[in-house]
Ligand code: AMP
Ligand code: ZN
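Numbering (my numbering), first residue to last: -9 to 191.
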């Protein structure tokens, strides 16, 4: 041992890889829900926070207070809560400061962090924290499951039809492509340079 310890930073390190934080990085959102620096809105049912490692110019997480671990744990009894989360997301998107952006609202098919959370993210995908193909594909493919479709699933079938791990892996392996045009970049830096031209201020 060199005596030097690995820098502990939570879910994402500077190289985009997960780094353990006291062995509990997956619980990072539970502490984030109490972090005044991150909280955007808080009420008895849920907390809206800014994503600590935003993958676009605007990136929020809506986290229920009820201890629901993931989409797999969602059942009919959560339909009202999911609808409420969807409405809160819509109100957030409609705020004047967001008017130059389109947004996506959804849940990752296989989340890495504990406690159910909805991503509300502007579709510019322009952020220094977006570094890897995995980051890119997790927000630009079906891996981000639309909130409205999730809600319909729960209302109709009492549960979420989750993707198989195999299918999630295929989505993560999708070749890089611009989400706004036919441009096929060779590398992530090429793609990051390219997407800026789609941004209207
Ligand atoms: P996922 O579990 O894949 O749906 O994504 C988890 C999200 O949480 C990612 O967008 C991360 O950038 C974000 N994240 C990770 N750790 C924290 C933290 N401590 N506080 C706030 N957001 C975080
Ligand atoms: Zn393009």
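Glycine residues also receive a C-beta, built at the ideal position from the N, C-alpha and C atoms.
By the three-class DSSP mapping on this structure, what secondary structure does residue i have?
i: residue 129; result: helix
i: residue 178; result: helix
i: residue 120; result: coil
i: residue 143; result: helix
i: residue 37; result: strand
i: residue 29; result: strand
i: residue 115; result: coil
i: residue 64; result: coil
i: residue 83; result: helix
i: residue 109; result: strand
i: residue 96; result: strand
i: residue 103; result: coil
i: residue 69; result: helix
i: residue 77; result: helix
i: residue 150; result: coil
i: residue 89; result: coil
i: residue 15; result: helix
i: residue 169; result: coil
i: residue 58; result: coil
i: residue 197; result: Within the shown structure, residues of the chain are numbered from -9 to 191, placing residue 197 beyond reach of any answer.
Once the 5 residues before and after residue i are set aside, which same chain residues still bring their CB inside 8 Å of it?
i: residue 46; result: 111, 112, 113, 114, 115, 116, 117, 120 and 129
i: residue 75; result: 36, 52, 54, 108 and 137
i: residue 188; result: 114, 168, 170 and 171
i: residue 213; result: One cannot answer for residue 213 here, as it falls past the ends of the chain, which runs -9 to 191.
i: residue 179; result: none
Under DSSP, the beta strand (DSSP E) around residue i begins and ends at which residues?
i: residue 51; result: 49 to 54
i: residue 134; result: 134 to 136
Contact defined as beta carbons within less than 8 Å: I believe residue i pairs with residue j. What is the distance between those atoms, to the nearest angstrom?
i: residue 164; j: residue 127; result: 5 Å
i: residue 123; j: residue 161; result: About 11 Å separates the two Cβ atoms, so there is no contact after all.
i: residue 78; j: residue 68; result: Contact doesn't hold; Cβ gap of about 15 Å is too wide.
i: residue 19; j: residue 95; result: About 17 Å separates the two Cβ atoms, so there is no contact after all.
i: residue 149; j: residue 65; result: 6 Å
i: residue 213; j: residue 56; result: Here the chain comprises residues numbered -9 to 191, so residue 213 is not present and cannot be evaluated.
For residue i, report the span of its alpha helix (DSSP H) as first-last.
i: residue 18; result: 18 to 22
i: residue 161; result: 155 to 162
So, at 7 Å on beta carbons, what are the nonlocal neighbours of residue i in its own chain, with the 5 sequence-adjacent residues on each side left out?
i: residue 152; result: 61, 62 and 99
i: residue 22; result: 28, 39 and 42
i: residue 184; result: 168, 173 and 175
i: residue 82; result: 38, 50 and 110
i: residue 154; result: none
i: residue 131; result: 161 and 164
i: residue 73; result: 141
Does chain B have any CB closer than 7 Å to the CB of residue i?
i: residue 122; result: Of the chains in the structure shown, none is chain B; there is only one protein chain.
Could you pull out every residue in the same chain whose Cβ sits closer than 6 Å to the Cβ of residue i, ignoring the five residues on either side in sequence?
i: residue 181; result: 166 and 175
i: residue 16; result: 103 and 104
i: residue 135; result: 96, 97 and 99
i: residue 44; result: 117 and 119
Can you find at least 3 beta carbon pairs, one from the region 48 to 56 and one from the region 25 to 38, that sit closer than 8 Å? yes
Closer than 8 Å is the cut-off here; do at least three beta carbon pairs connect the region 139 to 147 with the region 87 to 95? no
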